Amino acid sequence: MRVYRHIDDIEDLGGLPRAVAIGTFDGLHRGHQEIVKKAVQAAAGMGGVSAVLTFEPHPSSVLSPGRDLALLSTFDHKVDLLDEAGVDEVIALPFDEAFAALTPEEFCRTILSDRLNARQVMVGENFRFGRGASGSAEDLIAHGRRSGFSVTAIGLVIVRGKSVSSTRIRRLIAEGRVEEAAELLGRPHTVEGYVEGGAGRGRTLGTPTANLEAVSGVALPGPGVYVTRTLVSADDGRPSVTSIGTNPTFESDGRLRIETYVLDFAGNLYGRRIRVQFLEWVRPQHTFSDAALLQERIAEDVRVAREFFASRPTAS
Amino acid sequence: MSVPASRARAEGVSRVVLVDKPEGWTSYDVVRRSKGSFKGKIGHAGTLDPFATGLLLVLFGQATRLSSVFMDLPKEYAVTVRFGIVSTTGDPTGELTTTGRRTDLPAIVSALDGFRGEIVQRVPMTSAVKVGGERLYHKAHRGEAVDTPERSVKVYELTALAFDEVEQDLELVALTGKGTYVRTLAEDLGAALGVGAHAARLRRLRVGWFDAADAMAPDDLSPSRLLEPDDRAVLRLSKVLSFLPGVEVGEPDARRVANGNELTGVPDGLFRVHGAEGLLALYEGSAGRGRPKVVFPAPEE
Numbered sequence: 002m003r004v005y006r007h008i009d010d011i012e013d014l015g016g017l018p019r020a021v022a023i024g025t026f027d028g029l030h031r032g033h034q035e036i037v038k039k040a041v042q043a044a045a046g047m048g049g050v051s052a053v054l055t056f057e058p059h060p061s062s063v064l065s066p067g068r069d070l071a072l073l074s075t076f077d078h079k080v081d082l083l084d085e086a087g088v089d090e091v092i093a094l095p096f097d098e099a100f101a102a103l104t105p106e107e108f109c110r111t112i113l114s115d116r117l118n119a120r121q122v123m124v125g126e127n128f129r130f131g132r133g134a135s136g137s138a139e140d141l142i143a144h145g146r147r148s149g150f151s152v153t154a155i156g157l158v159i160v161r162g163k164s165v166s167s168t169r170i171r172r173l174i175a176e177g178r179v180e181e182a183a184e185l186l187g188r189p190h191t192v193e194g195y196v197e198g199g200a201g202r203g204r205t206l207g208t209p210t211a212n213l214e215a216v217s218g219v220a221l222p223g224p225g226v227y228v229t230r231t232l233v234s235a236d237d238g239r240p241s242v243t244s245i246g247t248n249p250t251f252e253s254d255g256r257l258r259i260e261t262y263v264l265d266f267a268g269n270l271y272g273r274r275i276r277v278q279f280l281e282w283v284r285p286q287h288t289f290s291d292a293a294l295l296q297e298r299i300a301e302d303v304r305v306a307r308e309f310f311a312s313r314p315t316a317s
Numbered sequence: 070m071s072v073p074a075s076r077a078r079a080e081g082v083s084r085v086v087l088v089d090k091p092e093g094w095t096s097y098d099v100v101r102r103s104k105g106s107f108k109g110k111i112g113h114a115g116t117l118d119p120f121a122t123g124l125l126l127v128l129f130g131q132a133t134r135l136s137s138v139f140m141d142l143p144k145e146y147a148v149t150v151r152f153g154i155v156s157t158t159g160d161p162t163g164e165l166t167t168t169g170r171r172t173d174l175p176a177i178v179s180a181l182d183g184f185r186g187e188i189v190q191r192v193p194m195t196s197a198v199k200v201g202g203e204r205l206y207h208k209a210h211r212g213e214a215v216d217t218p219e220r221s222v223k224v225y226e227l228t229a230l231a232f233d234e235v236e237q238d239l240e241l242v243a244l245t246g247k248g249t250y251v252r253t254l255a256e257d258l259g260a261a262l263g264v265g266a267h268a269a270r271l272r273r274l275r276v277g278w279f280d281a282a283d284a285m286a287p288d289d290l291s292p293s294r295l296l297e298p299d300d301r302a303v304l305r306l307s308k309v310l311s312f313l314p315g316v317e318v319g320e321p322d323a324r325r326v327a328n329g330n331e332l333t334g335v336p337d338g339l340f341r342v343h344g345a346e347g348l349l350a351l352y353e354g355s356a357g358r359g360r361p362k363v364v365f366p367a368p369e370e
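Keeping their order, the protein sequence lines are chains B and U. Letter by letter, the first sequence follows residues 2 to 317 of the numbering used here. Letter by letter, the second sequence follows residues 70 to 370 of the numbering used here.
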């Protein structure tokens, strides 16, 4: 799979048509997966190339700078997921001011037709584009007729009676409802980052923890304790227990900490980049008056995690 | 099974109201104070002992039909277990006797694990459970002591937060399933440690997804507050169930739902059924087939 970060880098395919799926696709949730799947199928059907036209960084960082993003995936993770989906090209353009100023007509003509030779375009049904988000899916269809590409607007995917949307998934994650979020994403929500040094207290309590400095902008599950799977390397996932919170029993600075205890693991993760997949909510944060009581509770958290993995033999 | 819509409409607006029960009040006192000039049906979803405080769900109108659904939900309690003192009622309102024995943190830490998961409790004499056709608390009132039945109940989570060695008070947070007596849990913990205990303080923090932090004082419920749901302490019917999956049905199915017939092609577990007029019913699905749990004859927005 090719990844292009600039419009001028895009390879001229010598007349081969592209089927292009357009969107920010944050998290590549089950709704996004439908749109991308249609583009992959359409490309195969016409002997062309499937491409995903997306934006990096997230348009919000340009349109509403300073706002907390709570992204569902890092760019790298999104690229990995698109690769797994069988996409041929990822075109990740910077959503800069010049791009944001393009009218709907200019976007269709200069980018989709001239640059990409798009023959088929796939978008979500509430797709907006062009300056001031003035263009809708209907406008895209009309432009397409003029410019020579067909448009498929795919309706929202419904899972268990609720529509799949990035907004809903973000809310579920913030509320600690990681299982429901996973159902809408089609996989567990993942937080990645570097392991930094901590207070070393976990070791004293018998459960050495890796303190995660999460990649900024990513959606963090709400404070609580979770059953997680920690990818200590790209293909090595381990059962673990992760606590997100201010660590109220020991700290009073109010800083949010992500501490992961990887079960039955003796390796040193310090300085490594890891991914933590959030599988199930265990309990809220509590302030314990005594380290012995915290220790007792942690032992129970570990037991809950073991039970989780034991009942799902394929999960590990 | 179907009730005429006109009769259901006479039940007045449907609301679930979150009330923080004051200490000393019975659950019925709360319902009576909340009723005010409300004309329709009113009820609650699970009593709290007079000595306890915390979340009591007061149900108005068609929401009373959800009582059993709410009573099935897990409930979270904060309880202060006081060791060394036993009580005839398991709480401070009974006759208290000092055992003269004390316990410590290591012993408590060892004992806690035995109270997680599925445990067996002997139903207290003060409960509403019936033995031989009569409620236990009636027998107790007559001074009759019987061998009370044993029940298997679920303790989903048990967390000890603090132990005051001097006062012998243990602060415990418990998430329990339907039918669990927290007073009995405190007494049994005391018995397991060989020192005796009772529940000195009890507060219900949550019932299912409803939180005591959102609850209001009983006196704060006015007719205008009841009419204007604020979505925190006063909830309309559809909001109460809004986090459950929902299914939209068209006309022929809407009539089937009104009659309480089976639906096919539905999700597993509890789900809402909506028609053109609003929330029609709560159904429960299993392997694609849905049966009605609660039908609302007068559909609500």
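Think of the CB as a built atom: it goes at the ideal place given N, C-alpha and C, for glycine as much as any other residue. For clarity, every value in this text was computed on a predicted model and none was experimentally measured.
For Lys-144(U), the residue or residues it bridges with in DSSP = Thr-245(U), Val-276(U)
message = Measuring CB atoms only, is the region 153-167 of chain B touching the region 199-214 of chain B, in the sense that at least three cross pairs come out at less than 8 Å?
response = no
Gly-344(U) versus Trp-278(U): straight-line alpha-carbon distance, rounded = 25 Å
query = So what does DSSP say about Thr-162(U), is it helix, strand or coil?
reply = coil
task = Give the single residue among Val-85(U), Val-82(U), Thr-172(U), Leu-124(U) whose Cα lies nearest to the Cα of Glu-29(U).
result = Here chain U comprises residues numbered 70 to 370, so residue 29(U) is not present and cannot be evaluated.
key: Buried versus exposed call for Ala-43(B) [16 or more other C-beta atoms within 10 Å across all chains shown]   = buried
ask   = Any contact of the region 47-63 of chain B with the region 84-99 of chain B, i.e. 3+ C-beta pairs under 8 Å?
value = yes
Contact set for Phe-266(B): own chain, Cβ-Cβ below 6 Å, skip 5 residues either direction = Arg-239
message = For a test of the three-state rule: what should DSSP assign to Pro-105(B), helix, strand or coil?
response = helix
query = So what does Val-342(U) bridge to, in DSSP terms?
reply = Val-316(U), Ala-350(U)
inquiry  = By the three-class DSSP mapping on this structure, what secondary structure does Phe-459(U) have?
reply    = Residue 459(U) falls outside the range modelled here, since chain U spans only 70 to 370, and no answer is possible.
ask   = Just the Cα atoms here: how many angstroms apart are Ala-266(U) and Gln-286(B)?
value = 27 Å
key: Cβ of Glu-297(B) within 9 Å of any chain U Cβ   = yes
request  = Mind listing the chain U neighbours of Phe-289(B)? Cutoff is C-beta to C-beta under 9 Å, in chain order.
outcome  = Thr-228, Ala-229, Leu-230, Ala-231
request  = Determine whether the Cβ of Leu-294(B) lies closer than 9 Å to any Cβ atom of chain U.
outcome  = yes
task = For Arg-161(B), return the contacting residues in chain U, with the cut-off set at a CB-CB distance below 8 Å.
result = Pro-314, Pro-336, Phe-340
query = Would you call Thr-95(U) buried or exposed, if buried means 16 or more other Cβ atoms sit within 10 Å of its Cβ?
reply = exposed
6 Å CB neighbourhood of Met-70(U) in its chain, flanking five on each side removed = Low confidence applies to Met-70(U): its pLDDT is 45, below 50, so where it sits in the model is not reliable, and the reading given next is rough at best. The answer, listed in chain order, is Gly-329.
task = Report the residues of the region 107-131 of chain B with a CB closer than 9 Å to any CB of chain U, ordered along the chain.
result = none
query = In three-state DSSP terms, what is Arg-101(U)?
reply = helix
task = Pair every Cβ in the region 239-250 of chain U with every Cβ in the region 220-227 of chain U, then say whether three or more of these pairs are closer than 8 Å.
result = yes
query = In three-state terms, what does DSSP make of Phe-310(B)?
reply = helix
Per DSSP, cross-strand counterpart(s) of Ser-355(U) = Arg-358(U)
query = What did DSSP end up calling Met-70(U) once you bin it into helix, strand or coil?
reply = With a pLDDT of 45 at Met-70(U), under the threshold of 50, the modelled position of this residue cannot be trusted, and the question is left open.
query = What are the start and end residues of the alpha helix (DSSP H) that includes Ser-83(U)?
reply = Neither: Ser-83(U) is in no alpha helix (DSSP H) and is coded neither H nor E.
ask   = In this structure, what does DSSP give as the bridge partners for Ser-311(U)?
value = Bridge partners of Ser-311(U): none, in fact.
request  = Please list the residues of the region 166-185 of chain U that have a C-beta atom closer than 8 Å to any C-beta atom in chain B, keeping them in chain order.
outcome  = Leu-174, Pro-175, Val-178, Leu-181, Asp-182, Arg-185
query = Does Glu-281(B) come within less than 9 Å of chain U when only Cβ atoms are used?
reply = no
query = Should Ser-106(U) be labelled buried (16 or more other beta-carbon atoms within 10 Å of its own) or exposed?
reply = exposed
query = Among all the DSSP beta bridges, which residues are the ones paired with Leu-304(U)?
reply = Val-85(U)
query = Helix, strand or coil: how does DSSP classify Phe-279(B) here?
reply = strand
DSSP three-state assignment for Phe-150(B), whether helix, strand or coil = coil
message = Using 8 Å for Cβ pairs, my map puts Leu-304(U) next to Arg-102(U). What's the rounded Cβ distance?
response = Leu-304(U) to Arg-102(U), Cβ: 19 Å. No contact.
key: Where Pro-240(B) falls: helix, strand or coil (DSSP)   = strand
ask   = How big is the Cα-Cα spacing for Gly-202(U) and Lys-208(U)?
value = 11 Å
task = Would you please verify whether the beta carbon of Glu-252(B) is less than 9 Å from any beta carbon of chain U?
result = no
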